[in-house]
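Read the structure below first, then the notes.
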Amino acid sequence: MTKSIVLTFWGVLLALVGVAQQKPNIVLIYADDLGYGDLSCYGAKALRTPNIDKVAAEGLRFSRAHATAATCTPSRYTLMTGQYAWRKTGTGIAPGDAALLIPTDRATLPRLLQRAGYQTGVVGKWHLGLGPKGGPDWNGDIKPGPLEIGFNYSFLLPATGDRVPCVYVENGRIVGLDPTDPVQVSYREPVGAEPTGKDNPERLKMKHSHGHNQTIINGVGRIGYMTGGKAARWVDEDMADVLTQKATAFIQTNHKAPFFLYFSTHDIHVPRMPHSRFAGKSGMGPRGDVILQLDWCVGEVMKTLDRLGLKQNTLVIISSDNGPVIDDGYQDEAVTKLGSHRPAGPLRGGKYSAFEAGTRVPFIVRWPGQVKAGTSEALMSQVDLPASLAALVGQKPAPGEVPDSFNTLDALLGKENKGRAYVIEQALNNTLAIVRGDWKYIEPSNGPALEKNTNTELGNAPQPQLYNLNADVGELKNRAGEQPHLVDELRQLLESVRGS
Ligand code: NG6
Ligand code: CA
């Protein structure tokens, strides 16, 4: 009797130690173009995002966390590789037929986690190119791709929702492709006899405002030409459901292993085509509706973690690849129905910009029992996720493997509130800015001050700019003239990082 009690005691103890030592699952929910002011937990009043707010209330909400660039491809390139995208040519906004931008032999975030025994999956927007130089064989094995750089599972939108081909690619194959109706893609000239937004505007259910006037798929003009693959084409209005189903299925399948899920939502990028459950619900037009839809997706993922008993042992990160844009090329009422909503909150600029709204984005970390709920003013950059998450799972990247990525795990988990010594921000035309402490320096640039189509202040100016973000988060007063020494210091720091 006594002996069995002792045995039970040791059994329970070992089980507890086992649970404590089990590596946490990691779920990274990466929204597209979600602005610093777009969530109610970041101050939005015109709409509510209860599911994301709940994650924030149970976790740590950062106020000074940055994507590495103000557009998608470079931000994602850095997220995957821990290398600043501006170090590598060809990492600007990728066309939908670009070759894979990440060399298959380099260390990547998912590969570092694989080394620690993780099952790794990516679901959603990719936009890092696929296939060899010259682009992929859309009708065959579409590789190299995520499976060749460290993912065990992939279900992708190859590029973006507004770029062809408008099909899903699962583990290197177009889903539902009828071999007698092959897909053909061109970013140079029309292919097939498909109607285009330019020539057949009467066929559009949502008109373009700039660009987006090539092949019409599902009533929406796209960037690029495509023909064939009729049975495989996505329906935009169902995309959030499809992706969420794949994301939760990945969790279900892998719930016994430690897993890493990179859930890269299409929302809230254009075209904003909410499911009928969300259409009209925000009062702000489709842009607001797809924020509600994104919030629903997050809720479904959280429900899945709860249902499988994984909440306690899962680190959840929610962020965005760049800041907000209102009119990004479609007449979708985003401008006319914006009302009092401020997608960037108090920040200046937006997607594409060197001003803060370009890269300062929502960033929420939840890990019950491990991360104390609250807020953090730590200066953070997504470039550090590879080194920090590697550290979390006990991996030490070899020197140079994730060259620009620092281990800022303590700040990520809320154990300290300083974060990085500095953050570098990359704007559309590769203008760089650097933030250190309260101060931000934007290097001189001959690029345009305004992106006319989207009406975004890009932050470009031929003179150096210096802002005190503590006193002037809206970057209105250029203090470069008053503080030449500080300008020099920050310029030198930026140059030293650039040259390293
Ligand atoms: C721009 C597109 C914009 C969007 C962006 C990429 C035009 C006129 N504009 O070139 O609509 O697709 O590229 O967005 O085509 S991102 O979030 O993937 O970087
Ligand atoms: Ca984006």
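Start counting the sequence shown at 1432; every next residue gets the next number (the numbering used here). Note that beta-carbon positions come from the ideal geometry of N, C-alpha and C, so glycine has one too. Here the structure is a predicted model, which means the values were calculated and not measured.
Query raised in the report: Taking the alpha-carbon positions, what's the HIS1497 to LEU1510 distance?
Result: Within the sequence shown, numbered from 1, the residue matching residue 1497 stands at position 66. Within the sequence shown, numbered from 1, the residue matching residue 1510 stands at position 79. If you take the alpha carbons of HIS1497 and LEU1510, they lie about 11 Å apart.
Requested in this report: Could you have a look at SER1876 and say whether DSSP puts it in helix, strand or coil?
Outcome: Counting from 1 along the sequence shown, the entry for residue 1876 is found at position 445. Coil.
Requested in this report: Answer yes or no: do VAL1458 and THR1767 have a C-beta to C-beta separation smaller than 8 Å?
Outcome: Here residue 1458 refers to the residue found at position 27 when the sequence shown is read from its first residue. Here residue 1767 refers to the residue found at position 336 when the sequence shown is read from its first residue. Not a contact, by the Cβ cut-off of 8 Å.
Query raised in the report: In terms of DSSP beta bridges, what is ARG1664 paired with?
Result: Position 233 of the sequence shown, counted from the start, is the residue given in the question as residue 1664. VAL1598.
Requested in this report: Could you tell me whether any non-hydrogen atom of ligand 1 is closer than 7 Å to the CB of HIS1697?
Outcome: As a position in the sequence shown, residue 1697 is number 266, starting the count at 1. No, since every heavy atom of ligand 1 falls outside the 7 Å radius drawn around the Cβ of HIS1697.
Query - For ILE1722, three-class secondary structure by DSSP - result: Counting from one through the sequence shown, the residue named residue 1722 turns up at place 291. The answer is helix: DSSP assigns ILE1722 an H, G or I state.
**Report entry** Heavy atoms of ligand 1 versus C-beta positions, residues under 7 Å
**Finding:** ASP1463, ASP1464, THR1502, CYS1503, THR1504, ILE1524, HIS1558, THR1591, ASP1593, ARG1594, HIS1641, GLY1642, HIS1643, ILE1654, HIS1700, VAL1701, ASP1752, ASN1753, ASP1759, GLY1760, LYS1782, ASN1884
Query raised in the report: Is the beta carbon of GLY1845 less than 8 Å from the beta carbon of GLY1800?
Result: For the purposes of this step, residue 1845 is taken as residue 414 along the sequence shown, with counting starting at 1. For the purposes of this step, residue 1800 is taken as residue 369 along the sequence shown, with counting starting at 1. Their beta carbons are not under 8 Å apart, which means GLY1845 does not touch GLY1800 by this criterion.
Query - TYR1467 vs GLY1789 beta-carbon contact at 8 Å - result: As a working mapping, residue 1467 is identified with position 36 in the sequence shown. As a working mapping, residue 1789 is identified with position 358 in the sequence shown. No, the Cβ-Cβ distance between TYR1467 and GLY1789 is not below 8 Å.
Query raised in the report: What's the C-alpha gap between ARG1495 and ALA1785?
Result: Here residue 1495 refers to the residue found at position 64 of the sequence shown. Here residue 1785 refers to the residue found at position 354 of the sequence shown. Cα-Cα distance, rounded: 15 Å.
Report task. Please list, in chain order, all residues of the same chain as ASP1528 whose beta carbon is under 6 Å from its beta carbon, the five residues on each side excluded. Result -> Here residue 1528 is taken as the residue at index 97 of the sequence shown, counted from 1. Correct list, in chain order: GLY1566, VAL1616, TYR1618.
Query raised in the report: What is the DSSP secondary structure of ILE1682, reduced to helix, strand or coil?
Result: The residue labelled residue 1682 in the question sits at position 251 within the sequence shown. In the three-state reduction of the DSSP assignment, ILE1682 falls in the helix class.
Query raised in the report: Which residues in the same chain as GLU1832 place their Cβ atom closer than 6 Å to its Cβ, once the five residues preceding and following it in sequence are excluded?
Result: As a first step, residue 1832 is located in the sequence shown; it is residue number 401 there, counting from the start. A distance below 6 Å between beta-carbons, with the five flanking residues on each side excluded, links GLU1832 to the following residues of its chain, in chain order: ALA1538.
Query raised in the report: If you count every other CB in all the chains shown that lies within 10 Å of the CB of HIS1916, and 16 or more means buried, which is it?
Result: Residue mapping note: residue 1916 aligns to position 485 of the sequence shown, counting from 1. Its Cβ having fewer than 16 others within 10 Å, HIS1916 is exposed.
Requested in this report: Reducing DSSP to helix, strand and coil, say where GLY1607 ends up.
Outcome: Taking the first residue of the sequence shown as position 1, residue 1607 is located at position 176. DSSP places GLY1607 in coil when its eight states are reduced to three.
Query raised in the report: Leaving out five residues before and five after PRO1817 in sequence, what residues of the same chain have Cβ atoms less than 8 Å from its Cβ?
Result: Position 386 of the sequence shown, counting from 1, holds the residue named residue 1817. The beta carbon of PRO1817 sits closer than 8 Å to the beta carbons of LEU1510, MET1511, THR1512, GLY1513, ALA1538, THR1539, LEU1540, LEU1543, PRO1828, VAL1833, SER1836 from its chain, once the five residues preceding and following it are set aside; these are given in chain order.
Report task. Using 10 angstroms around the beta-carbon of ALA1688, count the other beta-carbons present and answer buried if the total reaches 16, otherwise exposed. Result -> Locating residue 1688 in the sequence shown gives position 257, counting from the first residue. Burial call: exposed.
Query - Residue of ASP1720, GLY1560, VAL1814, ILE1647 minimising C-alpha distance to THR2008 - result: The chain is shown only over 1432 to 1931; residue 2008 falls outside these bounds and no answer can be derived.
Query raised in the report: Is it right to say ALA1446 is buried, meaning 16 or more other beta carbons lie within 10 angstroms of its own, or is it exposed?
Result: Taking the first residue of the sequence shown as 1, we reach residue 1446 at position 15. Only weak support is given to the placement of ALA1446: the predicted model assigns it a pLDDT of 48, under 50, and the value that follows is read from those uncertain coordinates. Answer is exposed; the Cβ neighbour count stays below 16.
Query raised in the report: Which whole-angstrom value describes the C-beta separation of ALA1660 and LEU1608, a residue pair presumed to lie in contact below a C-beta threshold of 8 Å?
Result: As a first step, residue 1660 must be located in the sequence shown, where it is residue number 229. As a first step, residue 1608 must be located in the sequence shown, where it is residue number 177. Reading off the sequence shown, one finds Gly at residue 1660, where the question assumed Ala. Confirmed, Cβ separation roughly 6 Å.
**Report entry** Backbone CA spacing between ASP1393 and LEU1900 [nearest angstrom]
**Finding:** Missing from the structure shown is residue 1393; the chain here goes from 1432 to 1931 and no further.
Query raised in the report: Quick one: is GLU1787 buried, meaning 16 or more other Cβ sit within 10 Å of its Cβ, or exposed?
Result: Start at 1 with the first residue of the sequence shown, and residue 1787 comes out as number 356. GLU1787 comes out buried.
Query raised in the report: CA-CA distance, LYS1803 and THR1646?
Result: By one-based count along the sequence shown, residue 1803 stands at place 372. By one-based count along the sequence shown, residue 1646 stands at place 215. Approximately 49 Å, taken between the alpha carbons.
Query - Alpha carbon of LEU1924 to alpha carbon of VAL1796, nearest angstrom - result: Along the sequence shown, read from residue 1 onward, the residue named residue 1924 stands at position 493. Along the sequence shown, read from residue 1 onward, the residue named residue 1796 stands at position 365. Going by the C-alpha atoms only, they are around 29 Å apart.
Query raised in the report: Residues in its own chain within less than 8 Å of VAL1904 by CB, not counting five upstream and five downstream?
Result: Reading the sequence shown from its first residue, position 473 is the one you call residue 1904. Closer than 8 Å at Cβ, skipping near neighbours: PRO1777, LEU1778, GLU1787.
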